[in-house]
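Heads up, the thing below is written out as structure tokens.
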Amino acid sequence: MMRRICLLAVILLCAAETLAQNAVLRGYVTDDDDGQPLQGVNVVLTNDDDALLGNASNRDGLFAISGIPPGLYYLRATYIGYQTRFDTLTLATDEIVPYNFALSTGGEGVELDELMVETERAGAGAAGIIAGLQSVRPADIQLIPAPDLSGDLASYLVTLPGVVASGDQGGQLFIRGGEPTQNQVLMDGILIYQPFHLIGFYSAIPSAILNVSDVYAGGFGAKYGGRMSSVIDISTRNGNKRRFSGEFSAAPFISAGILEGPLIPDKVSILLSGRFDVIDQGASRIIDTQLPYSFNDQFFKVHAITSENTQASVTGLRSYDRGILGALTQAEADSVKNQVLWKNRAIGGRFILLPTRIPVQAEILTSYSSIENSFGPELEPTRYSKAQEISAAANVTHFTGFTDIAWGMYFKFNTLDAELSGIFQDISDETEFVSEAGGYIQTEVPVMEGDGVNFHVEPGLRLSSFPSKGRNFIEPRVRAILSYGIHRLSGAAGIYHQEFVGLADRRDAGDVFTAWTSSPTGEVPRAIHFLGGYQIRPWNWLTVAVEAFYKDLDNLSVAEWTSFPRFTVAIQPAEGTVRGGDARLEVDAGPFYGFINYGYAKVEYVAFQTEIEYWFGPGGYAYAPPHDRRHQVNALGSFTFGGFTMNGRWQYGSGLPFSEALGFDEFVLMDGPKDLFNEPGETRVLYTYPYGGRLPDYHRLDVSAEYKFEFGENTALTVLGSATNAYDRINLFYIDLFTLERLDQLPFIPAVGLKLEF
Amino acid sequence: MRSVYIVLALLIAFTLVSCDEGINPILETDRQFTLFGALDMAQDTQFVRVIEIRPTLTTPGEKLDATFTSRQLDTDTTITWKDSVYTFEDGSVGHIFYAPTRVLAGKTYRINVRKPGSSLVTSATTLVPFHLEPSVQLEKVFRVLTTQLVATQRILWWSLEEEPYDVAQWYRFFIFDDYGFNDIRLSHKPASRASETHAGFWETSIDLVRDRDSLLVNYPEMFVRGYLVGLGMTMTVLDDKFTPPGGVFTLEALGQPGTLSNVSNGFGYIGSIGRFSAEWRIQDTTATSLGYKLLDNRAYPEIAARVWDAPIGTLERPRE
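Chains as they are written, first to last, in our numbering: chain A, 1 to 758; chain B, 759 to 1078.
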């Protein structure tokens, strides 16, 4: 397979050379203030013959306009909130012209009537979903009321319809029916195994370091692979290349600090971030309740513009989480035997090259990622799992003038360790080494352009090979967008496989230990996605979108069903379906911004444990897994007036499935004549049908108000007042079936936060 | 400003709905008890474990308000059982009800457990396996290539059409020094004994030579001091409902409530166990060719009177 991929790469490079007959204009667009790349800048060329050519910059700020006939052109570069750039260029045949420029803030943000470059970047905003893709900007995240000022992607993600959190504790996100370990989170191309902290407000990646995050709830393109549910592709911003700056914030849950600045002005920058929990000193005291959690994260990025055509960066992330979920008593909260712990490590390098002779962008990525997960005392855990990945990848984008063709190759080496004390009955304690190689190709074909109609189809194909396991996968993918005036139709479909799976006992919300392993049943989990949506923007201030989706899941591994009250993830094969739809309404009218969205999803698994036919009849048993939240509503409103910003968010989720019981007894295995005096029996839960009950609905209102005091040009102090769970709704997080004691989610938490920027 | 009022109104409305929604994951049920036990033909006292279904995961207490009766449906004879509070080795406490009574083959018994004053009855009915009649064939003895002795004997169990739960086999010796009988049990695994199920009977075979070799190795004194006086076989048969799904008794499979259960208004299983024996002698020529010593009844009439007078194997079916 590798030979075929290399051959394909050579053919594509040769093709690129032959395509470079006309001129190519390309370059990076940056913010004049701090040197940050600007994404979504429309760069348009016109001439006296009314020819019109254009493109939009990508997340690196790179734009490329190919196939330009030689001649005199007028360049116009526009970006909302920035001054428009005008220029006149003379382009010659077969010329590749590097054209880097910076835009200054303060402009009116001219919108081009004659050409709006259609890209998936239009998927920004709450209703800006396009074929499962929604882009999240730091400004979006800042609108979400939170108990601190640092903002976090996790707070925003749970406002998306179809995203279900295990609660405000646990750090588990289920996206459109997928398990948390079926979500792929990439940060600058580096895999982050467990991107969320134990307290659900926070991810390991603060919003202050974000450039943009693309959240694919399904139907993602051929560039992505290895996970079967969703992709969260996070791009971090670069450090300020003009001056040193930073910010520090303090709030009841975390204190955070960011420092950035030029190591070599306009050339090399560094960005440092660190966050540490202050729960014991803050939140626990405010609510007078033990919150046995501790977490922190640290991040760094060094970015260098090494030449006019090359850039390089090194990014690193470390996160640490420790806590006891479901602790109902002080003794349980203090007991390390129920402690769950995970540590993320990730570091990677990225090199971007624009060859001078051919109109392509080449990207080379190398990375190392690891997750350590343990349960029990930190030094002597009762269960331990570690997954590591070393990855090398090359991505190439050809700017042909007619369309962009992207392709890439990758090689990964995975190590999986498990020490599970025999509890995972189907997995032996061992170290597993698995190598993986593959490639992809995808292109964006403009099927129809003009007369107000814009129809792009993005077919793709991904090849994955696991030489050490003798497995190969071919995964076709397709995405399509049809725009007509204020209407936009979009759709996507694809096949997805996931060789490495995370196993957890989902029967117990208080147990988030995850064991990473190579597909344990011998069959590789597979998903097929179909989704389609419609979006309309009747006025500039209103966007309405609906989207329907269907996922077919096969070769899943779920915990075996047992009536005995003990932890087990002896696994059984299962299959499933996820179907649902979202409806979103977004208003952006002057000082008011708001959205309301509704999501419906139905997740159904059918499990095939050997004993099932004895219990429930032949054909497996169908059930709604514990993350099957059928109905969700999220509403957000934000007012800005004077220096004040007021935000409010209300969220509602219908009850999650759980297993009801009739009581408890002791079970004596009657396998013939028994001496009953030697058989104390094993305590048993008299369950009814698995996951046949529903927990109470969940709803909560969070509000915040902040005011920014500015001192001079670069110094500001922001004061935040917030109320989490403002009407003190008692939302159930966890009920101990054995004691009937319940652990509720966080109560009303008033908070004050400060952030100093300089 | 109107928007602010709307927000305030919503806040007040939400405050009104901020009450707790209680949840009880334990559903109300009419099921009161879990019963485990088996009525055993071999026992003169019967035992059944009674476990009260509890709404919380507490350990069973020493007090259990329950009346326990059994009734033989054929005769309508009712017996009231007594409770015994037993502390197991692990320290837990259980209630084992007992009654000094024997159960009979082919009879149906109904167990009723109820709380005083309650109209709800947790009950189970079990049919003790029907009587089995053995038929022991004359042994087949021959030599292969004039040296290798082959000696087998077939036993047929009439009315048994399924594999028995257990088969026990023994050889009985008389020893003068001890002035008594010694029953030496040998394992009898039907699967390795050319056993077969037929319409109307179940058949197994005894390898007399292999048994002899086993006895020589493990009990050589029986060939020095002992005299073979007979052979025997006991069948343990479970009632016809006492069959695990899938044919295998496992904790995980049977632990699911309702699996292998015949208890109404409760959980668990009350089974019954039939025990049937056959005793016989092999022919003297066969015994001596196998190396056993035989007792001369004429020389020792007093002892002979004590020796079990078992029939020699016969091809005849004992009773139609």
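Think of the CB as a built atom: it goes at the ideal place given N, C-alpha and C, for glycine as much as any other residue. Note that the structure is predicted; figures quoted are calculated from it, not measured.
Using only CA atoms, which one of the options lies nearest to residue i?
i	options	result
PRO573/A	VAL278/A, ASP554/A and LYS674/A	ASP554/A
VAL231/A	HIS197/A, ILE279/A, TYR193/A and TYR368/A	TYR193/A
GLY692/A	SER659/A, PRO680/A, SER722/A and PHE709/A	SER659/A
ARG227/A	THR90/A, PHE248/A, VAL185/A and GLN745/A	VAL185/A
ALA393/A	LEU420/A, GLU436/A, PHE530/A and ASP214/A	GLU436/A
LEU907/B	MET991/B, VAL899/B and ILE942/B	VAL899/B
TYR689/A	ASP140/A, PHE300/A, GLN498/A and ILE612/A	ILE612/A
TYR605/A	ASN597/A, ILE596/A, GLY619/A and GLY167/A	GLY619/A
LEU489/A	THR84/A, GLY132/A, LEU271/A and ARG694/A	GLY132/A
ILE352/A	PRO747/A, PRO673/A, GLY61/A and ASN678/A	GLY61/A
GLN311/A	ARG285/A, ASP266/A, ASP280/A and VAL278/A	ASP266/A
ARG742/A	TRP561/A, LEU556/A, VAL336/A and LEU325/A	LEU325/A
TRP541/A	ASP588/A, ASP505/A and GLN281/A	ASP588/A
Is residue i helix, strand or coil by DSSP?
i	result
GLN169/A	strand
ALA139/A	helix
PRO381/A	coil
ASP969/B	helix
ILE287/A	helix
ILE175/A	strand
PHE1025/B	strand
ASN976/B	helix
GLY67/A	strand
PRO520/A	coil
THR514/A	coil
SER319/A	strand
ALA751/A	strand
GLN182/A	helix
PHE758/A	coil
ALA148/A	Here the sequence assigns Asp to residue 148/A, which means Ala is not the residue at that position. Residue state, collapsed to three classes: coil.
ASP798/B	strand
PHE711/A	strand
Can you grab the Cα-Cα spacing for the pair residue i / residue j, in whole Å?
i	j	result
ILE68/A	ASN22/A	5 Å
MET980/B	TYR1050/B	8 Å
VAL95/A	LYS223/A	Note that residue 95/A is Glu in the sequence shown, not Val. Using only the alpha carbons, I get a separation of about 30 Å.
GLY875/B	ARG812/B	18 Å
ALA545/A	ILE144/A	20 Å
LEU662/A	ASP628/A	23 Å
MET448/A	PHE402/A	12 Å
PHE399/A	ASN42/A	16 Å
GLY643/A	LYS708/A	6 Å
ILE441/A	ALA622/A	38 Å
TYR202/A	VAL752/A	17 Å
TYR687/A	GLY1013/B	10 Å
Among the residues of its own chain, which have a CB less than 6 Å from the CB of residue i, if the five just before and after it don't count?
i	result
TYR698/A	GLY653 and ASN731
ASN414/A	GLU389 and VAL434
ASN395/A	GLU363 and GLY408
Please go through the same chain and pick out, in chain order, the residues whose beta-carbon is closer than 7 Å to the beta-carbon of residue i, but skip the five residues on each side of it.
i	result
PRO858/B	ASP802 and THR803
ALA283/A	PRO252, PHE253, LEU291 and ILE749
GLU17/A	Annotation note: pLDDT 49 at GLU17/A (below 50); position unreliable, coordinate value reported separately. Excluding residues within five positions, the ones whose Cβ falls inside 7 Å are ILE358.
TYR320/A	PHE295, ASN296 and LYS343
ASP87/A	LEU75
Looking only at its own chain, which residues have a Cβ that is under 8 Å from the Cβ of residue i, when we skip the five neighbours before and after it?
i	result
THR866/B	GLN830, LEU831, ASP832, THR883, THR884, LEU885 and VAL886
PHE805/B	GLY795, ILE854, PHE855 and TYR856
Inset, instruction - Using a Cβ-Cβ cut-off of less than 8 Å, list which residues of the region 557-588 of chain A approach chain B; keep chain order. - result: Legend: CB atoms of the region 557-588 of chain A lying less than 8 Å from CB atoms of chain B belong to residues GLU560, TRP561, THR562, SER563, PHE564 and PRO565.
Legend entry - Residues of the region 649-675 of chain A with Cβ closer than 7 Å to any Cβ of chain B, in chain order: PHE658, GLU660, ALA661, LEU662, GLY663, PHE664, ASP665, GLU666, PHE667, VAL668, LEU669, MET670, ASP671, GLY672, PRO673 and LYS674
Inset, instruction - Using a Cβ-Cβ cut-off of less than 8 Å, list which residues of the region 708-736 of chain A approach chain B; keep chain order. - result: Look at the region 708-736 of chain A: the residues with a C-beta under 8 Å from a C-beta of chain B are ALA726, TYR727, ASP728, ARG729, ILE730, LEU732 and ILE735.
Legend entry - Interface positions of the region 807-833 of chain B facing chain A (Cβ-Cβ less than 9 Å), listed along the chain: Hits within the stretch, in order: ARG807, ILE809, GLU810, ILE811, ARG812, PRO813, THR814, LEU815, THR816, THR817 and PRO818.
Legend entry - Residues, ordered as in the chain, of the region 998-1014 of chain B that lie near chain A by beta-carbon distance below 7 Å: Taking 7 Å as the Cβ-Cβ cut-off against chain A, the residues of the region 998-1014 of chain B that qualify are PRO1003, GLY1004, PHE1007, LEU1009, GLU1010, ALA1011, LEU1012, GLY1013 and GLN1014.
Inset, instruction - Anything in the region 830-862 of chain B with a Cβ closer than 8 Å to a Cβ of chain A? List those residues in chain order, please. - result: TYR844, PHE846, GLU847, ASP848, SER850, GLY852 and ILE854
Inset, instruction - Pull out every residue of the region 782-799 of chain B whose Cβ sits closer than 9 Å to any Cβ of chain A, in chain order. - result: ASN782, PRO783, ILE784, LEU785, GLU786, THR787, ARG789, PHE791, THR792, PHE794, GLY795, ALA796 and ASP798
Legend entry - Cβ-based contacts, 7 Å cut-off: residues of the region 607-630 of chain A near chain B: GLU611, TYR614 and TRP615
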